[in-house]
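Just so we're aligned, residue 12 is where the sequence shown starts under this note's numbering, counting upward by one. Even for Gly, the Cβ is constructed at its ideal location relative to N, Cα and C. One structure is given here, and the rest of the page talks about it.
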Amino acid sequence: MKRFEIILFAAVLLLSLKETATAAESGVNLSGVPNGMISVHTDGDRILWTLPDTLSGREMGLFVTLLDAPLQTDRENKYGYRGDRYGPMILRFVRSGQDVHLESAVGHRLADDDADFASLHNEREGWSIVRDFPVVGNEAERGRFTIDVTEWLGDSRFFGLDPVSFLFRLVGVESRSCLSEIRTLKDQVIVRSEITCMPSPFPIPGARRDTTRWKVGITLALLPVEPRRPRYDDPHVGFYSIPAVRADSGGTTALPARVIKRWRLEVAPEDSARYLRGEAVEPVRPIRFRLDTAFPERWKVPMIRAVHNWLPVFEACGFRNALEIRDAENDPDCTLDNVRYTWICYKESPMENAYGSPLADLRSGEIVSAHISVFSSVFNLLQEWYISQTGNTNPIPDDMTEALFETVLTHEIGHVLGLEHNYYGSSLYDTAQLRDAESMRCTGAGTSIMDYMRLNYAAQPEDGFAPADLVPHIGAYDYAAIDWAYHEYPGLDFRTECDSVFRKARAMASRRETRFMTLSNVDPQAQREDIGREPLESALLGMNHLKRVCERIAAPNAAGTDTEQLQRAVATQLGYYTEHAMTYVGGICHDFDGSMPSVRAIGADEQRRALEFLRCYVVEPPAWLADALPRRNGTRIAERMTERFPFVHAAELRGGSDYSVEAYLDDMQRIFLGDTTDSCPSPERRKLIDSYTGALVRRMHDDEPGTIGIRIAVRLRLEALYHAVAEYDDEYWVRWRERMNETLGIKNGTK
């Protein structure tokens with residue numbers, strides 16, 4: 012059973028261990044505005060909510076925000092920090108006589124343009140009753156209703172950490188919750204609790220073994236009366252999406268689909284005419300970002316610039332001042348658990364990263380809240396990029412740190428806006444263009460900030476680049492993608508709007524500058540951490556930077572040199588170059604330049620150039636690289652290379668490939684055994700031979716469907732090698748043949 016399945020099973024099995032104190036027992040504080048969304052009061056041990064009748068049937072979102080969390084020491088876990096926000100669960104209260112049903116949304120809402128069928132589907136398929144409340148008080152009272160929520164507030168599925176506990180490794184814990192405050196605002200109610208989680212007495216793989224204390228804010232916030240009109244996912248544009256349904260052409264059947272995540276940016280009625288004329292107008296409500304009070308003053312300016320970088324992008328699609336960012340205000344309502352704000356939080360953590368998380372209404376894909384986490388150790392990552400992609404081993408200059416930090420956060424803002432990674436965004440320019448300092452100063456090295464593109468490492472010191480011109484920024488694809496997702500079509504019916512959006516996506520795909528591709532393990536154009544139309548050429552240029560770093564590692568240590576950081580930077584970057592080269596083997600290239608998109612197999616010469624890169628820098632690295640990375644084991648590459656057999660085989664079967672599995676085996680044998688098989692191999696060569704033949708043996712026993720042809724070719728290659736060394740009497744080859752006797756079923760030198 013997989014680790015995640017074990018964790019999930021344990022969480023369900025031990026759910027009964029959880030205990031919750033009542034609000035009255037905890038001395039809960041009631042606060043908020045006088046005319047809040049609901050009225051909260053107590054009656055002895057009971058907590059009562061009074062809701063106006065207008066909220067019966069009104070959709071609300073339930074969010075979890077961490078207000079305080081235990082110290083995190085796991086550098087791989089990005090969840091469980093102060094400021095984290097999760098959700099929403101979509102709920103509504105529906106009064107039915109003397110009962111109030113709490114209902115949960117379970118699916119996507121069809122656009123109302125589909126008339127009767129949409130209304131029927133939305134009501135029948137959209138909601139499920141999860142709890143009932145009897146109405147408390149005078150039956151005849153009109154205009155409002157009161158319910159006893161004491162027990163509900165103690166349900167950790169709604170007002171605790173249960174829905175997200177697996178993210179924090181709180182598996183099988185016994186939790187005790189103490190309500191501390193219920194705060195009402197005009198459009199939301201916030202329930203704050205202090206939760207203590209004690210480890211289970213049972214050993215559960217992956218679970219925390221310490222007692223942890225958390226403060227959480229559970230926010231129930233009103234959603235817009237009318238759900239956002241959905242925009243259906245398109246494979247030519249990269250946006251986060253959620254499962255949905257759409258009506259067929261006859262409007263009688265719901266078909267599977269996906270809708271993108273996007274914020275509600277609307278044109279005010281009085282601005283519609285100006286908007287239709289192509290003028291930029293201010294949206295009814297902008298996207299609001301707030302900087303947490305813990306955000307360091309030193310980094311606020313580049314953070315603010317990262318948000319402002321998107322302002323001209325939205326203005327190009329018709330919205331001025333679509334985003335705003337401010338410091339946390341001296342306002343009691345401007346709190347981390349107020350979901351009307353997207354909080355940007357700085358978190359002390361060993362994690363070297365940052366991330367943005369958009370939270371969407373599952374009925375429509377509308378992003379209704381979000382949060383951005385900036386981890387303090389991200390600056391280690393920026394330093395390593397600077398080292399490995401410029402060859403400069405000095406401490407990163409302050410202005411370069413700010414530029415890289417701004418780039419990282421601009422990327423994360425893109426995620427919060429709904430944008431996915433576009434791995435085609437770094438493949439527009441050829442190598443000569445990437446080394447043209449004047450051209451790159453004007454255009455930047457790519458088409459999208461949403462690619463994993465860090466610095467222009469194809470540029471060399473003699474090319475005369477200013478350091479700031481090596482850093483990527485928002486590109487043509489980002490402008491086109493935001494326009495595709497956020498442009499409004501006032502007055503158009505839903506189907507006509509869908510047609511317009513469809514045509515716009517096709518136009519984007521026809522131009523290299525606005526093209527989108529997901530990460531590919533077969534197309535060199537769509538890789539992470541790459542740059543340029545010829546990533547293998549860029550990698551070869553990038554090795555010049557790594558050589559300078561390795562020379563610094565080999566030099567007598569100067570004061571302040573962090574050798575481990577230099578080695579880590581080199582090893583990580585070399586790993587990326589290895590991935591880029593590997594993709595050529597059995598690779599294909601999507602070609603969009605003709606009248607119809609096509610796919611071509613990468614030629615044998617290109618694949619052999621990639622293999623030569625692997626031989627020179629990974630299998631048998633030069634002394635300057637091997638000495639700098641003494642713990643790096645190049646023999647593991649053989650296993651990785653045999654994993655490319657299915658891709659080589661598939662390209663061969665499709666036709667158009669001039670590189671066969673047999674040719675690949677020839678090249679692998681040359682790489683690991685040399686041009687001739689040595690009768691008395693050196694210790695280094697023995698390691699390579701063992702890694703190569705061991706990988707072939709494992710591939711020979713592969714039972715994956717469709718691999719019979721590969722297994723036969725591999726077996727024949729091992730048999731041929733066995734007979735080629737049959738007369739060698741060196742002890743190494745004698746033992747090697749003994750191992751192969753059992754593997755190949757050979758007795759006395761014959762099968």
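With contacts defined as CB atoms closer than 8 Å, residue 256 and residue 229 fail to qualify as a contacting pair.
When C-beta atoms of the stretch 280-293 are compared with those of the stretch 382-391, fewer than three pairs fall below 8 Å, so the two segments do not count as touching.
Within the same chain, 278 come within 6 Å of residue 499 by CB-CB distance, once the 5 residues on both sides are set aside.
No Cβ-Cβ contact shorter than 8 Å links residue 346 with residue 381.
In the DSSP assignment, residue 58 falls within the unbroken beta strand (DSSP E) covering 57-63.
Distance between residue 649 and residue 142, taken at the CA atoms: about 58 Å. Positions of the alpha helix (DSSP H) runs, each at least 4 residues long and wholly inside the stretch 500-586, are given as 505-520 and 546-565 in order along the chain. Within the same chain, 657 come within 8 Å of residue 715 by CB-CB distance, once the 5 residues on both sides are set aside.
For residue 358, DSSP records a beta bridge to 386. Judged by pairs of C-beta atoms under 8 Å, the stretch 358-370 touches the stretch 71-90, as three or more such pairs exist. Around the beta carbon of residue 341, fewer than 16 other beta carbons sit within 10 angstroms, so the residue counts as exposed. For residue 230, the enclosing beta strand (DSSP E) covers residues 223-233. Within its own chain, the residues whose Cβ lies closer than 7 Å to the Cβ of residue 247, once the five positions on either side in sequence are excluded, are 516, 517, 519, 520 and 527, listed in chain order.
Shown here for residue 560: same chain residues with a beta carbon closer than 8 Å to its own, the five before and five after excluded, namely 398, 399, 402, 404, 577, 580, 581 and 639 in chain order. A direct Cα-to-Cα measurement between residue 699 and residue 99 gives close to 53 Å. DSSP places residue 40 outside any alpha helix (DSSP H); the residue lies instead in the beta strand (DSSP E), whose first and last residues are 40-43. Distance between residue 476 and residue 483, taken at the CA atoms: about 13 Å. Within the stretch 229-289, the alpha helix (DSSP H) runs of at least 4 residues that lie entirely inside it are, in chain order, 283-287.
Contact between the stretch 205-216 and the stretch 61-74 is absent: fewer than 3 CB-CB pairs across the two stretches fall below 8 Å. Counting only residues of its own chain and dropping the five nearest sequence neighbours on each side, residue 558 has a CB closer than 8 Å to the CB of 402, 635 and 636. In this structure, DSSP gives residue 427 a helical state, which the three-state scheme calls helix. As a beta-bridge residue in DSSP terms, residue 50 pairs with 61. Judged by their CB atoms, residue 258 and residue 417 are not nearer to each other than the 8 Å cut-off. Rounded to whole angstroms, residue 154 and residue 294 show a C-alpha spacing of 34 Å.
Beta-bridge analysis with DSSP links residue 75 to 97 and 229. Each of 444, 231 and 591 was checked against the Cα of residue 47, and the nearest Cα belongs to 231.
Here residue 433 is buried, its C-beta having at least 16 other C-beta atoms within 10 Å.
Residue state for residue 652 is assigned as helix, using DSSP reduced to three classes. Residue 147 is bridged by DSSP to 157.
Between the alpha carbons of residue 752 and residue 745 lies a gap of roughly 11 Å. The bridge partners DSSP lists for residue 698 come to none.
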